[in-house]
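Mapping to my numbering: the sequence shown position 100 is 100, numbers consecutive.
Heads up, the beta-carbon is just placed ideally off N, CA and C, and yes, glycines get one too.
This structure is a prediction, so every number in the text was calculated from the model and none was measured.
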Amino acid sequence: MKNRKNSLTGIIAIGAIAIFAFTNPARAQQSKIGRVELQQHDLSIPGHEAVQLRVDFAPGAVAGKHKHPGEEVIYVLEGVIEYQVEGKPPVSLKAGDVLFIPSGAVHSAKNVGSGNAKELATYIVKKGEPLITPIK
1 MKNRKNSLTG IIAIGAIAIF AFTNPARAQQ SKIGRVELQQ HDLSIPGHEA
51 VQLRVDFAPG AVAGKHKHPG EEVIYVLEGV IEYQVEGKPP VSLKAGDVLF
101 IPSGAVHSAK NVGSGNAKEL ATYIVKKGEP LITPIK
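The structure is reproduced here in C-alpha cells:
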C-alpha cells in the first residue's frame with residue numbers, strides 16, 4: 001500500500017507539472033488540455049521509467065514549447081494535432097499517425113482540427129527528473 005501511495009503522489013506531481021508546462025501564455029489555454037495518467041513503471045534500464053498518458057486537446061488548445069528528460073512516443077487517437085519539433089518543419093498528424101520525439105528536443109503541439117483531439121503519449125524518461133520542462 002505504501003508503494004501505491006507513493007505512486008499516487010507521483011501521479012499528482014506529474015499532473016501538476018503537466019498543467020503548468022503545457023500552457024500557452026493565455027491562461028484560458030490551461031483548461032483546454034486534460035491529462036490522464038494510464039500507467040507508470042520502473043524499467044529494467046537502471047534509473048529509467050515508462051510513463052503513459054492520454055492527452056486531451058479541446059479545439060485550438062496549445063501545448064506550449066517544452067522538453068522531456070527522455071524519449072516521447074506519440075500515437076494520435078483522435079482529431080488532428082500539429083507538432084513543431086525544434087529544427088524540423090511542422091507536421092500535422094491525424095488519428096492513427098505516430099511521432100517520435102528525441103530526448104531533450106524542444107517541441108509544442110496544437111489541436112488544428114475542428115473538434116477535440118487526443119493522443120497517447122508514452123515517455124521513456126530518467127526517473128526522479130521532472131517529466132516536463134517548459135521553455136520560454
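Beta-carbon proximity of residue i to residue j, cut-off 7 Å
i    : j   : result
Y83  : V76 : no
E119 : V55 : yes
A117 : I74 : no
I124 : E86 : no
K127 : V62 : no
G113 : V80 : yes
Same chain, Cβ closer than 8 Å to residue i, neighbours up to 5 away in sequence not counted
i   : result
H66 : A21, F22, V106, H107, S108, I132, T133, P134 and I135
L43 : E49, A50 and I124
V98 : V73, I74, Y75 and V76
Neighbourhood of residue i by C-beta distance below 7 Å, restricted to the same chain and skipping five residues each side
i    : result
E78  : A95, N116, A117 and K118
G47  : K126 and K127
Q39  : Q52
G104 : K67
Selection from the options that minimises the alpha carbon distance to residue i
i   : options               : result
H68 : P59, A58, V51 and F57 : V51
G64 : K32, S44 and P89      : K32
Chain-order list of residues whose beta-carbon lies under 6 Å from that of residue i (same chain, five-residue window excluded)
i   : result
A28 : Residue placement at A28 cannot be trusted, given a pLDDT of 42 that sits under 50; what the coordinates show is reported in the next sentence. The answer is none, since no qualifying residue turns up.
H41 : A50
3-residue-minimum beta strand (DSSP E) runs that sit fully inside the region 84–127, ordered along the chain: Counting only runs of 3 or more, we get 91–94, 98–101, 107–111 and 117–126.
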